[in-house]
Ligand SMILES: Nc1ncnc2c1ncn2[C@@H]1O[C@H](COP(=O)(O)OP(=O)(O)OP(=O)(O)O)[C@@H](O)[C@H]1O
Ligand SMILES: [Mg+2]
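Numbering (our numbering), first residue to last: 3 to 278.
Dropping the structure here:
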């Protein structure tokens, strides 16, 4: 192989996490036969899913397939019409709001839209969950905000307003906010959508970095195959209301599931083939 401009695209190579995969399979979130309709639109049709502690599970699926709806069920923001949602051995399906409030503290969520408060500076955006949910002094809040901004590589940005931030910076501030309460699990809804490839890759690296530094479990919803292969341990492919195919990144490459293959092809996944 020659050292030319066609160097292997490392973004397309699955991350090596042998240690994590060898660990005992301890369930963090489980969906059992979950059904959910909005009006006459049946979105989830008996969906089964297992998310294991310590892994990064990527949820792939077309637009409108129910990926965001799936995340909202994990948070208890939506309840299934039938079926069960289990979080750390606790069946949250019929939980009243005050019980869900406690369960939600286990999660940090990076919303699809970023969802920063435009009238608040970076500091106040990141501090917001602390003011809402934690009893902390101003000094402790300042320390926590600084620490989390450091983790997302945005030190000394406290005084900037959202309007002053690039798309990638906004995502990172959103991420700092979603981890400020020290969640056990981080849910990412389309973390790289709308970002250029270099910025996307920085976000991917950040997801991997947080995974090891914070010792969390993550679910990443994306249709960015590059991103899926760089951050994921496993893929769950959501199609027609069920997780039609679930497996490791290596298995996903060789899978002969026709719809998954088609999805890869449509996403120009040639880059995700092993580079030889
Ligand atoms: N609150 C709601 N009321 C009515 N319909 C809804 C609601 N939430 C979701 N839906 C519908 O459920 C389907 C799945 O929505 P969802 O947002 O989960 O899709 P998605 O897979 O996240 O898509 P995208 O990739 O575009 O974000 C869509 O058809 C959507 O219109
Ligand atoms: Mg969505």
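Yeah, the Cβ is synthetic: ideal placement off N, Cα and C, and Gly gets one too. This structure is a prediction, so every number in the text was calculated from the model and none was measured.
In the structure shown, the three-state DSSP call for residue 253 is helix. DSSP places residue 113 outside any alpha helix (DSSP H), giving it a letter other than H or E. A check of alpha carbon separations from residue 220 across 108, 100, 179 and 57 identifies 57 as the nearest. Counting only residues of its own chain and dropping the five nearest sequence neighbours on each side, residue 183 has a CB closer than 8 Å to the CB of 107, 110, 131, 132, 135 and 136. Under DSSP, the beta-bridge partners assigned to residue 224 are 62. Distances between the C-beta of residue 191 and the heavy atoms of ligand 2 include at least one below 7 Å. Counting every other CB atom within 10 Å of its CB across the protein chains shown gives residue 79 a total below 16, marking it as exposed. Distances from the CA of residue 189 to each of 76, 42 and 38 were compared; the closest alpha carbon is that of 76.
In terms of Cβ geometry, residue 102 and residue 191 do not form a close pair [threshold 8 Å]. Residue burial annotation: residue 43 is exposed, with fewer than 16 other C-beta atoms found within 10 angstroms of its C-beta.
If one requires a minimum length of 4 residues, the alpha helix (DSSP H) runs lying completely within the segment 135 to 220 are 140 to 153, 169 to 181 and 199 to 216, in chain order. Between residue 155 and residue 179, the beta carbon gap of about 15 Å keeps them out of contact (Cβ cut-off 8 Å). Annotated as proximal: residue 62 and residue 239, with beta-carbon spacing under 8 Å. Listed in chain order, the non-local C-beta contacts of residue 165 below 7 Å within the same chain comprise 120, local neighbours out to five positions each way being set aside. Sorting 95, 186 and 87 by C-alpha distance to the C-alpha of residue 32 places 87 at the top. When rounded, the separation of the alpha-carbon atoms in residue 223 and residue 245 is 13 Å. Annotation for residue 117: 176 place their beta carbon closer than 7 Å to its own, counting only its chain and skipping 5 residues before and after. Going by beta carbons, residue 234 and residue 205 fall outside the 8 Å limit. CA-to-CA, the gap between residue 161 and residue 148 works out to about 12 Å. Using a 10 angstroms sphere on the CB of residue 227, the tally of other CB atoms reaches 16 or more, which defines it as buried.
Beyond the five residues adjoining it in sequence on each side, residue 213 comes within less than 7 Å, by CB distance, of 58 and 220 in the same chain, given in chain order. By the criterion of a C-beta distance shorter than 8 Å, residue 257 is surrounded in its chain by 247, 249 and 263, once the five residues flanking it on both sides are discounted.
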